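**Q** Residues in the sequence shown are numbered from 305 upward in steps of one, following our numbering.
Heads up, the beta-carbon is just placed ideally off N, CA and C, and yes, glycines get one too.
Note that the structure is predicted; figures quoted are calculated from it, not measured.
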Amino acid sequence: MINLCLAKFSPSELLECHVHNALNVMKSIMNSFIWINEFVGKDFWELLFYTIILHDVGKCAKGFQKNPKKWDYRHEILSTPFVKFLSYDEDKKNLIALSILTHHKYIEELDSGMQVIPRIYKDAYLEKVEELLENKNYLTTFFFPKINSWERLIFKKDLKKFNLSDNWEEQIKNFDFKELLEWYEENKEKRKIHLIFLKGLLNACDHLASAGEHKILTLPNLKKRVCEKLKNLRELQERVLETYKNAILEAPTGYGKTETALLWAHANLDRVGEKKVIYPNRVFYILPYKASINAMYERLKKKYLSEDGMVTILHSSSKYYLYVNEYEYKRIESLSKKIYNPLKVLTPFQIMKSFFGVGFYEMELSQLAKSLLIFDEIHAYEPNITGIILGMLEILIKDYKAKALIMSATMPTFLKELFKEVLNPQELKMEKENPDKFTRHRLNLIEGNIIDTIKDLKEYKNYYVSDNCRLEKPVLVACNTVDRAIEVYKILKKRGFNVLLIHSRFTYGDREKLEKEIKNNLKSYDFVVATQVIEVSLDVSFNSILTEPAPLDALIQRFGRVNRQGWKKGIIKDVYILKEGSEKDKYVYKNEIVKKTLEVLKEINGELLKESKVQKLIDKVYENSKDIKDEILKIKKESLQLFNNLIPLYKSGDEEKFYKLFKGLEVVPEKYFDKVKQLAKEGKYIEIYRYLVPISFYNLFKYGDSFSYDKKLKIIFTSLDYSEELGLLKNNLNEGNWIL
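Next comes the structure, spelled out in structure tokens:
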């Protein structure tokens, strides 16, 4: 009697079924990613084919079949020796063997299971081989004979590269892992790209098959989709259709940069298949803020890519976003981390993971090959992140043949020059269209600070007026720090105005409610008081703004929330910038940049903020930008060194460096302790996210007495007061670094 062997247990799936499904995924990738041969040679698909077939053979061990969770060994170690029976040269067999060996764990994590050093582990290995041989009849009479039919399924011919020898049991027992690892040490640099693609696409096929998917998705005709929605294409939208390379696009807010980006992607996508109507490249739409990503995901899904899985979303809290918006969140979130979706809207951090060796980075690098990367709002990143992006792009373009589109409405020339050095791009600016038709604002630079100004406001019809401003409701009041925003909110509330407060120090659940309230009922409010979160998070339009001083590019982002569609009818609205900020602004912005901004704006005070003038104004603000440029270049150089030292199949030592890029973490106010404890008890971990508040590492370390870590729940709680109306309150906490 032959015992059938399972590859998966929940639900149950036979080994041959799992392999068959993984091969179908491979076939889908092979028919789409036709460029792989450019990187690794014509026989790559054969090598991947046999890697997939053999990768889980070790699961046939009796102990694994009996109870995989309690089995104290690694099945991939037992799978690896079967490469001996492939009729390839030693180099190719070693590539397959190493990919199988590391498809779950990296090499240094497996050393204790192999007979490398010390010798004592040989006995453990032989013991597990005997367990495997107890099911050898399944392998020899049922599993391995299927290989010929799988060869014909994928390649439409017999390869006959796998042949068990008569003494195969002894050869398995005597497999020399030490020799394999010595080959790896000698060849890991020379064979780096082969190891990345072979292990990466093994993981891709394995993971997708395990998720119940048997193919990857490819994009439809993006040009057709966009043209169905737009009556006429604009000048730049026509030009990107003939731009078959990296590009930098500069266009004002309201121009239609999203559609322009999709058309650029269409122009640069490969065409495969008999009719050349399959568009296989992966497209990454990269934005700096989670709120922007959420909005872009909804827009693309509803307007252009409504089919299931065609577009996905990926950031640190995307799972919760999908959950609260009643999507099939577990499946979508799981697939977004795989190679399944053709278009991903995400933060740059999700791509950076690959270059810092985080997670299954070989799989991520495999799908980044020949990818199209669209960076929107490129001006929004801090110098260290910009430097990493530049280093990352240099490698992706040079080594992985990716292409990039950089977009911004407010990019300083020095920043553009840095990207030009890496991209050698085509520059796209309006030439025939008049940019000034997008002008929507009249600039007013006013004396005083925000506290004194709001105290003097008097209501007059639909306006709130003082000696130096005339604000039309609904009014956006933009503050630089949370502390100042709370103070302003309290004053306006006390004066009897209908006012709403939003900033980053609310729980995610309360923040979600506030954003929905603004979207649905904005006109019912006199004032919305906000920090920088308003610059990016909401697609709403205020009639006027009163803002604290900030760098010009940040101010222009804030102005973008005012009179959003006014350019279509030639409507102009006033925007008011105060000359005085608060003492704590220095923790948010560089004083010299803010000072220079005020000097530049003084020259056009009372005038229209014409789109044709914006670039010159920004360049004036950043004319002494050598320090920023030097910092970016320093980080770029360091990043390139780090990225080039990444070794495939080996756990990176740079994960900690990656996570240090994040400036904070999340905590739960103690008032929600019982609620969170109950949710954890019920297994409703996704609901706990509602009660998390983001804070900076600075405050966590400096004011550690206000925070405590619950080991059982694995959550940081804070004793700081929390209010659904005001957010997390500082109590006696120095507010210096509570920003955003």
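1) Where do the ends of the beta strand (DSSP E) carrying I1020 lie?
2) Do L697 and V649 have their beta-carbon atoms positioned less than 8 Å apart in this structure?
3) Exposed or buried, which one is R456 when buried takes at least 16 other CB atoms within 10 Å?
4) Alpha carbon to alpha carbon, how far is N867 from E265? Give it in angstroms, no decimals.
5) Name the DSSP beta bridge partners of Y608, please?
6) So, does the segment 685 to 693 touch the segment 893 to 906, judging by three or more C-beta pairs under 8 Å?
7) State buried or exposed for E915, treating a residue as buried only when at least 16 other CB atoms are found within 10 Å of its CB.
8) Rounding to the nearest angstrom, what Cα-Cα distance links F664 and L905 in this structure?
9) Taking all protein chains shown into account, decide if E751 is buried (16 or more other Cβ within 10 angstroms of its Cβ) or exposed.
10) Grouping DSSP H, G and I as helix and E and B as strand, with all else coil, what is P646?
11) Quick one, which of L709, T1022, Y624 has its alpha-carbon nearest E991's?
12) If you draw a straight line from the C-alpha of K674 to the C-alpha of I333, how long is it?
13) Mapping DSSP to helix, strand and coil, what is D878?
14) Does DSSP put L950 in a helix, a strand or coil?
15) Of the choices P739, L965, L669, F801, whose alpha-carbon is the least far from that of I951?
16) Mind checking G577: buried by the 16 CB within 10 Å criterion, or exposed?
17) According to DSSP, K312 sits in a beta bridge with which residue or residues?
18) If I follow the unbroken alpha helix (DSSP H) through A569, where does it start and stop?
19) Keeping to the same chain, check which residues put their C-beta closer than 8 Å to that of K961; ignore five residues upstream and five downstream.
20) For T445, I'd like the list of residues in its chain whose CB is within less than 8 Å of its CB, leaving aside the five on either flank, ordered along the chain.
21) Does the beta-carbon distance from V844 to L826 come in below 8 Å?
22) In whole angstroms, give me the CA-to-CA distance for T522 and F588.
23) From A684 to T717, what distance separates their C-alpha atoms?
24) When you compare only the Cα positions, how much space is there between G558 and K580?
25) Relative to the C-alpha of I356, which residue among E413, F466, E483 is closest?
26) Spatial neighbours of K642 within its chain, please: C-beta separation below 6 Å, excluding the five flanking residues on both sides.
27) Which residues does DSSP pair with M711 in a beta bridge?
28) Whose C-beta lies closer than 6 Å to the C-beta of L545 among residues of the same chain, with five residues either side of it excluded?
29) Evaluate K605 with the Cβ neighbour count: other Cβ atoms within 10 Å of its Cβ, from every protein chain shown; 16 or more gives buried, anything less gives exposed.
30) Excluding the 5 residues flanking L700 on each side, which residues of the same chain have their C-beta closer than 8 Å to its C-beta?
31) Only counting the same chain, and skipping five residues up and downstream in sequence, which positions put a Cβ closer than 6 Å to that of S514?
32) Excluding sequence positions up to five away, which residues of its chain have a Cβ less than 8 Å from the Cβ of R603?
33) Looking only at its own chain, which residues have a Cβ that is under 8 Å from the Cβ of T406, when we skip the five neighbours before and after it?
34) Taking the alpha-carbon positions, what's the Q982 to E974 distance?
35) Taking the DSSP output, what are the residues bridged to R774?
36) Can you tell me where the alpha helix (DSSP H) with K396 in it begins and where it stops?
**A** If we stick to the structure as given:
1) 1019 to 1022
2) no
3) exposed
4) Not covered by the structure: residue 265. The range shown for the chain is 305 to 1044.
5) Partner(s): none; Y608 has no beta bridge.
6) no
7) buried
8) 49 Å
9) exposed
10) coil
11) Y624
12) 13 Å
13) strand
14) coil
15) L669
16) exposed
17) E317
18) 561 to 572
19) F660, L946
20) I306
21) yes
22) 13 Å
23) 14 Å
24) 34 Å
25) F466
26) H511, L512
27) L553
28) L567, A571
29) buried
30) L672, S675, L677, A706, A708
31) none
32) T562
33) E380, L414, K503, L953
34) 14 Å
35) V769
36) 394 to 405
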